[in-house]
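Per the numbering used here, the sequence shown runs over residues 22 to 216. Think of the CB as a built atom: it goes at the ideal place given N, C-alpha and C, for glycine as much as any other residue. Here is the structure we will look at.
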Amino acid sequence: YLRSNQGSPYTADARTLLQQLDQERRNTLRQREQESRRQEELARQQRQEAEAKERQKRILQLRKDLEDRLSASPRFRSNLDGTLTDRSTGLTWCLLDALQELGGCLNYQSAQTYVKGLRHGGFSDWRLPTAAELAAIYKQPPFFPPSGTEWYWTSESYVKGYHTVADTVTSEPKTVFAREGRSLNECGGVRAVRP
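Have a look at this one:
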(Lines of atoms letter the chains of each structure in order from A and count residues from 1; the text may use other names and numbers.)
(Lines give C-alpha, C1' and ligand atoms only; values in the text may rest on other atoms or scores of the structure.)
Protein backbone atom coordinates (compact mmCIF):
# COMPACT_ATOMS: atom_id res chain seq x y z
CA TYR A 1 0.00 0.00 0.00
CA LEU A 2 2.78 2.44 0.96
CA ARG A 3 4.70 1.78 -2.26
CA SER A 4 1.73 2.43 -4.54
CA ASN A 5 -0.01 5.17 -2.50
CA GLN A 6 2.64 7.68 -1.45
CA GLY A 7 0.32 10.69 -1.51
CA SER A 8 -2.70 9.04 0.11
CA PRO A 9 -4.26 10.56 3.27
CA TYR A 10 -3.79 7.15 4.94
CA THR A 11 -0.02 6.96 4.30
CA ALA A 12 0.94 8.28 7.76
CA ASP A 13 -1.40 5.80 9.48
CA ALA A 14 -0.04 2.98 7.31
CA ARG A 15 3.57 3.88 8.24
CA THR A 16 2.67 3.92 11.95
CA LEU A 17 0.93 0.54 11.60
CA LEU A 18 3.91 -0.88 9.71
CA GLN A 19 6.28 0.25 12.49
CA GLN A 20 4.04 -1.30 15.15
CA LEU A 21 3.81 -4.57 13.26
CA ASP A 22 7.58 -4.62 12.69
CA GLN A 23 8.20 -4.05 16.42
CA GLU A 24 5.71 -6.80 17.32
CA ARG A 25 7.46 -9.16 14.89
CA ARG A 26 10.88 -8.40 16.45
CA ASN A 27 9.44 -8.89 19.95
CA THR A 28 7.86 -12.20 18.93
CA LEU A 29 11.12 -13.43 17.39
CA ARG A 30 13.05 -12.39 20.53
CA GLN A 31 10.53 -14.20 22.74
CA ARG A 32 10.77 -17.33 20.57
CA GLU A 33 14.57 -17.26 20.81
CA GLN A 34 14.41 -16.82 24.59
CA GLU A 35 11.90 -19.65 24.88
CA SER A 36 14.07 -21.85 22.67
CA ARG A 37 17.10 -21.13 24.90
CA ARG A 38 15.04 -21.88 28.02
CA GLN A 39 13.90 -25.18 26.51
CA GLU A 40 17.49 -26.09 25.57
CA GLU A 41 18.71 -25.24 29.07
CA LEU A 42 15.90 -27.26 30.64
CA ALA A 43 16.72 -30.23 28.39
CA ARG A 44 20.42 -29.92 29.29
CA GLN A 45 19.59 -29.85 33.02
CA GLN A 46 17.32 -32.88 32.64
CA ARG A 47 20.08 -34.76 30.80
CA GLN A 48 22.57 -33.86 33.53
CA GLU A 49 20.15 -34.99 36.25
CA ALA A 50 19.51 -38.27 34.44
CA GLU A 51 23.25 -38.83 33.98
CA ALA A 52 23.87 -38.05 37.67
CA LYS A 53 21.14 -40.49 38.73
CA GLU A 54 22.56 -43.16 36.44
CA ARG A 55 26.10 -42.53 37.74
CA GLN A 56 24.86 -42.72 41.35
CA LYS A 57 23.01 -45.95 40.59
CA ARG A 58 26.17 -47.40 38.99
CA ILE A 59 28.31 -46.35 41.98
CA LEU A 60 25.87 -47.87 44.47
CA GLN A 61 25.91 -51.13 42.52
CA LEU A 62 29.72 -51.14 42.40
CA ARG A 63 29.85 -50.52 46.16
CA LYS A 64 27.39 -53.32 46.83
CA ASP A 65 29.31 -55.75 44.61
CA LEU A 66 32.61 -54.91 46.29
CA GLU A 67 31.10 -55.07 49.77
CA ASP A 68 29.77 -58.54 48.91
CA ARG A 69 33.20 -59.64 47.69
CA LEU A 70 34.88 -58.31 50.84
CA SER A 71 32.35 -59.78 53.27
CA ALA A 72 34.29 -63.05 53.50
CA SER A 73 37.70 -61.38 53.70
CA PRO A 74 39.53 -61.79 57.02
CA ARG A 75 41.65 -58.74 56.14
CA PHE A 76 39.40 -56.10 54.51
CA ARG A 77 36.25 -54.88 56.27
CA SER A 78 33.70 -52.69 54.56
CA ASN A 79 32.49 -49.91 56.84
CA LEU A 80 29.23 -49.68 54.80
CA ASP A 81 29.79 -45.94 54.23
CA GLY A 82 31.93 -45.95 51.08
CA THR A 83 35.07 -46.81 53.02
CA LEU A 84 36.89 -49.96 54.09
CA THR A 85 39.44 -50.76 56.75
CA ASP A 86 42.54 -52.86 56.20
CA ARG A 87 42.75 -54.81 59.46
CA SER A 88 46.44 -55.58 58.94
CA THR A 89 47.53 -51.93 58.69
CA GLY A 90 44.62 -50.11 60.34
CA LEU A 91 44.34 -47.74 57.35
CA THR A 92 40.97 -46.60 56.02
CA TRP A 93 40.59 -46.60 52.22
CA CYS A 94 37.90 -45.37 49.86
CA LEU A 95 35.94 -48.40 48.77
CA LEU A 96 35.93 -47.31 45.12
CA ASP A 97 38.78 -45.78 43.17
CA ALA A 98 38.61 -42.77 40.84
CA LEU A 99 38.04 -44.93 37.75
CA GLN A 100 34.97 -46.51 39.35
CA GLU A 101 33.59 -43.22 40.65
CA LEU A 102 34.46 -40.87 37.79
CA GLY A 103 34.67 -43.30 34.90
CA GLY A 104 38.18 -42.17 33.93
CA CYS A 105 41.78 -41.62 34.91
CA LEU A 106 43.48 -38.47 36.25
CA ASN A 107 46.83 -36.74 35.84
CA TYR A 108 48.82 -36.10 39.03
CA GLN A 109 47.49 -32.58 39.71
CA SER A 110 43.90 -33.70 39.12
CA ALA A 111 44.51 -36.72 41.35
CA GLN A 112 45.58 -34.46 44.22
CA THR A 113 42.56 -32.20 43.70
CA TYR A 114 40.21 -35.20 43.54
CA VAL A 115 41.53 -36.63 46.81
CA LYS A 116 41.29 -33.29 48.63
CA GLY A 117 37.64 -32.98 47.58
CA LEU A 118 36.55 -36.42 48.81
CA ARG A 119 33.98 -36.60 51.61
CA HIS A 120 33.42 -40.34 52.09
CA GLY A 121 32.44 -41.90 55.38
CA GLY A 122 32.13 -38.49 56.99
CA PHE A 123 35.87 -37.85 56.57
CA SER A 124 37.54 -35.01 54.69
CA ASP A 125 41.21 -35.82 55.39
CA TRP A 126 41.75 -38.12 52.40
CA ARG A 127 45.17 -38.20 50.73
CA LEU A 128 47.21 -40.01 48.10
CA PRO A 129 48.85 -43.09 49.62
CA THR A 130 52.55 -43.82 49.75
CA ALA A 131 53.96 -46.54 47.53
CA ALA A 132 54.36 -48.81 50.58
CA GLU A 133 50.72 -48.32 51.57
CA LEU A 134 49.51 -49.24 48.08
CA ALA A 135 51.88 -52.19 47.98
CA ALA A 136 50.39 -53.41 51.26
CA ILE A 137 46.97 -53.97 49.65
CA TYR A 138 48.03 -54.93 46.10
CA LYS A 139 51.28 -56.83 46.67
CA GLN A 140 50.54 -58.76 49.88
CA PRO A 141 47.99 -61.57 50.00
CA PRO A 142 45.11 -61.55 50.38
CA PHE A 143 45.13 -59.05 47.52
CA PHE A 144 42.59 -56.27 47.24
CA PRO A 145 40.09 -57.02 44.43
CA PRO A 146 40.99 -55.41 41.09
CA SER A 147 38.86 -52.57 39.69
CA GLY A 148 40.23 -52.39 36.15
CA THR A 149 42.75 -49.67 36.96
CA GLU A 150 46.27 -50.67 35.82
CA TRP A 151 48.27 -48.47 38.21
CA TYR A 152 47.82 -45.88 40.94
CA TRP A 153 49.45 -42.56 41.77
CA THR A 154 51.33 -42.29 45.07
CA SER A 155 52.08 -39.22 47.16
CA GLU A 156 55.78 -39.56 46.34
CA SER A 157 56.95 -37.16 43.62
CA TYR A 158 60.51 -36.08 42.84
CA VAL A 159 62.70 -34.53 40.15
CA LYS A 160 64.31 -36.97 37.73
CA GLY A 161 66.59 -35.28 35.23
CA TYR A 162 64.69 -32.28 33.94
CA HIS A 163 61.23 -33.61 34.81
CA THR A 164 59.16 -34.15 37.89
CA VAL A 165 57.80 -37.67 38.21
CA ALA A 166 55.71 -39.54 40.76
CA ASP A 167 56.00 -43.12 41.90
CA THR A 168 53.19 -45.43 40.92
CA VAL A 169 52.16 -48.93 41.96
CA THR A 170 50.44 -51.45 39.69
CA SER A 171 47.28 -53.19 40.77
CA GLU A 172 48.50 -56.59 39.60
CA PRO A 173 48.13 -59.11 42.40
CA LYS A 174 51.83 -60.02 42.62
CA THR A 175 54.09 -60.25 45.64
CA VAL A 176 56.91 -58.59 43.68
CA PHE A 177 56.84 -54.85 44.16
CA ALA A 178 58.68 -52.26 42.08
CA ARG A 179 58.03 -48.52 42.07
CA GLU A 180 57.68 -46.99 38.65
CA GLY A 181 58.18 -43.27 38.14
CA ARG A 182 55.73 -41.69 35.70
CA SER A 183 55.36 -38.23 34.23
CA LEU A 184 52.85 -36.10 36.14
CA ASN A 185 50.92 -35.55 32.89
CA GLU A 186 50.09 -39.23 32.44
CA CYS A 187 46.61 -40.47 33.18
CA GLY A 188 46.46 -42.87 36.11
CA GLY A 189 44.30 -44.25 38.87
CA VAL A 190 43.66 -42.92 42.34
CA ARG A 191 42.84 -44.94 45.44
CA ALA A 192 42.51 -42.58 48.39
CA VAL A 193 43.53 -43.38 51.95
CA ARG A 194 43.27 -41.52 55.20
CA PRO A 195 45.50 -41.51 58.27
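| Check | Outcome |
| --- | --- |
| Taking T191 and W172 to be in contact with their CB atoms under 8 Å, please state how far apart those CB atoms are, rounded to whole angstroms. | 5 Å |
| Fully enclosed by the stretch 119-173, which alpha helix (DSSP H) runs are 4 residues long or longer? | 119-123, 129-137 and 152-159 |
| Using the Cα positions of A187 and Y129, report the straight-line distance between them to the nearest angstrom. | 8 Å |
| Per the contact definition of three or more C-beta pairs closer than 8 Å, is the stretch 129-139 in contact with the stretch 84-101? | no |
| Judging by CA-CA distance, which residue of Q27, R98 and H184 is the nearest neighbour of S204? | H184 |
| Roughly how many angstroms lie between the CA atoms of L38 and L23, to the nearest whole one? | 11 Å |
| Going by alpha carbons, who is nearest to E72 out of R46, G124 and N100? | G124 |
| Taking just the CA atoms, how far does F144 sit from L87? | 20 Å |
| With burial defined as no fewer than 16 other Cβ atoms inside 10 Å of the residue's Cβ, what is the status of Y179: buried or exposed? | exposed |
| Per DSSP, what kind of secondary structure is R93 in: helix, strand or coil? | Per the sequence shown, the amino acid found at residue 93 is Ala instead of Arg. A93 falls in the coil class under three-state DSSP. |
| Who are the near neighbours of F198 in its chain, counting only those whose CB is closer than 6 Å to its CB and skipping five residues on each side? | A156 and K160 |
| Taking the straight line between their C-alpha atoms, what separation do you get for Y135 and T113? | 17 Å |
| Are the CB atoms of L105 and S168 nearer to each other than 9 Å? | no |
| K181: which of R108, D146, E201 and N48 sits nearest, CA to CA? | E201 |
| Which residues mark the beginning and the end of the beta strand (DSSP E) in which E201 is found? | E201 to S204 |
| What number of angstroms, rounded off, separates the C-alpha of R84 from the C-alpha of V211? | 16 Å |
| So R215 and D146 are supposed to be a Cβ contact under 8 Å. How far apart are they, rounded? | 5 Å |
| Within the same chain, show all residues whose beta-carbon is closer than 8 Å to that of N206, passing over the 5 residues directly before and after it, in chain order. | N128 and Y129 |
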